[in-house]
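**Student:**
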Amino acid sequence: MKRKYKRRTSRFGIFFVFLTAVTIAGVFFIPWVMKPENFRNEKNAIYSFLYGGFQQDSYNAKSLILVDRSNNEIFISKKENEQQLPASLAKLFVIEYAATIADLDSIVPVSDEAISMTNPGSSVADIEVKDYFLHNLFAAMLVPSGNDAAYVVADYCGGILSPQAARGQERVNVFMDNLNIHLQEEGYSNTILYDPSGYDMDALTNVLDLNAVVNQLLEYQWFRDIVSQSSYMATLPDGSTQTWKNTNTFLDPNSEYYNENVIGVKTGSLSDDYHLVILYKKYDKEFLICSLGSQSDSSRYDDVTYIIHTIDESDYLR
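See below:
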């Protein structure tokens, strides 16, 4: 009986060690694999098999606009009028409107009610229940795409618009109702939003409206300063700092996709759609690329890289 017990104990020990090793390997290996630059060819082959229409060295996303900002001329477009889920790109419209309501240096007291609205598993900026400058929260929305920061901004601005509204959902509803009125008044007629973070399967926008709102935001130097950095350190009202890493891999010097001519703007993803809006500088001019609906995190960079190469090789755009 003792021998059998020892054998079982030994087998269990081996199995436990194996399971532990696999778990540890998974913790470190899976996040590495998920980075867009790793196993890119293998991922593309998988997506080609799954979706059929995927082709390397071409543009595979659903909707696109490439604009020469020197003359506002559309150089390339694909289904530019077609509405898509905005995902986190909704934050661009939220910031554009919020900047008309409150000053950048406004001190925003973060509430538990606002933070608790953040969906579990969604992207966050680890906003704490303390005071932030409004521009801190804008950076938290733009750089790590923090959904928690978006709810805090909507809650704060909703309280300005309707001081009697309760913190949390009521104030956010006030803000979103007024935001949608603002969108129609400003000509963003193809955009409707229901959630300030963009974590919403009913919201809609298109590349034309995104081009318009980004052009508006690019008029602000503070916006350019925020979206152009691969890592952003915010100084809070109490003197403490908080640092966020940009989700835009084009800005990461350690990435295969790094491109020194990319100087912003933002990523977005929800469900099976992966979006990317970038500001590209070439020939002493700026080009805005809005790309919606790539099939994966890596393919959105491949799709936009294809458009970048088109700019680089074009004599017309010089």
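Residues 9 to 326, numbered by the numbering used here, are exactly what the sequence shown covers, in order. Don't be surprised by glycine CBs; every beta carbon is placed ideally from N, CA and C. If you're wondering where the values come from, they're calculated on a predicted model, not measured in any experiment.
(1) When DSSP builds the beta bridges, which residues end up paired with H283?
(2) Going by beta carbon distance, what residues of the same chain come within less than 6 angstroms of G195, once the five residues before and after it are set aside?
(3) Let me know the secondary structure DSSP gives L169 once reduced to three states.
(4) Alpha helix (DSSP H) containing L142: first to last residue?
(5) Only counting the same chain, and skipping five residues up and downstream in sequence, which positions put a Cβ closer than 8 angstroms to that of D332?
(6) Smallest Cα separation from N68: which of I82, K87, N269?
(7) Under the assumption that S205 contacts Y140 (Cβ atoms under 8 angstroms), give the Cβ distance between them as a whole number of angstroms.
(8) Can you tell me the Cα-Cα spacing of P171 and N188, whole angstroms?
(9) When you compare the CB positions of F183 and G166, do they come within less than 7 angstroms of one another, or not?
(10) In whole angstroms, what separates the C-alpha of S85 from that of V180?
(11) Against chain C, with Cβ distances strictly below 7 angstroms, would S322 count as a contact?
(12) When the distance is taken between beta carbons, is A95 closer than 7 angstroms to G301?
(13) Hey, is the segment 293-312 in contact with the segment 215-226, meaning 3+ C-beta pairs nearer than 8 angstroms?
(14) Pull up the CB-CB distance for S130 and Y207, whole angstroms please, since I reckon it's below 8 angstroms.
(15) Out of N144, E81, L93, which has the shortest C-alpha to C-alpha gap to L278?
(16) Would DSSP call S96 helix, strand or coil?
(17) Relative to the C-alpha of D113, which candidate in A242, V221, D76, D311 has its C-alpha closest?
(18) With 16 other CB atoms within 10 Å as the buried threshold, where does S306 fall?
(19) For S71, name the three-state secondary structure that DSSP assigns.
(20) Counting pairs of Cβ atoms below 8 angstroms between the segment 247-261 and the segment 71-79, do you hit three or more?
(21) Below 7 angstroms CB to CB, which residues in the same chain sit around K10 once its five sequence neighbours on both sides are set aside?
(22) According to DSSP, is L191 helix, strand or coil?
**Tutor:** Taking the structure as given:
(1) G276
(2) none
(3) helix
(4) 142-150
(5) For the chain, the structure presents residues 9 to 326; residue 332 sits outside this window and is missing.
(6) K87
(7) At roughly 16 angstroms, the Cβ-Cβ gap does not stay under 8 angstroms, so S205 and Y140 are not in contact.
(8) 19 angstroms
(9) yes
(10) 35 angstroms
(11) The structure shown contains no chain C, having only a single protein chain.
(12) no
(13) yes
(14) 5 angstroms
(15) L93
(16) helix
(17) A242
(18) buried
(19) strand
(20) no
(21) A caution first: K10 carries a pLDDT of 47, below 50, which makes its placement in the model unreliable, though a value can still be read off. Cβ neighbours of K10 beyond the five flanking positions: none.
(22) helix
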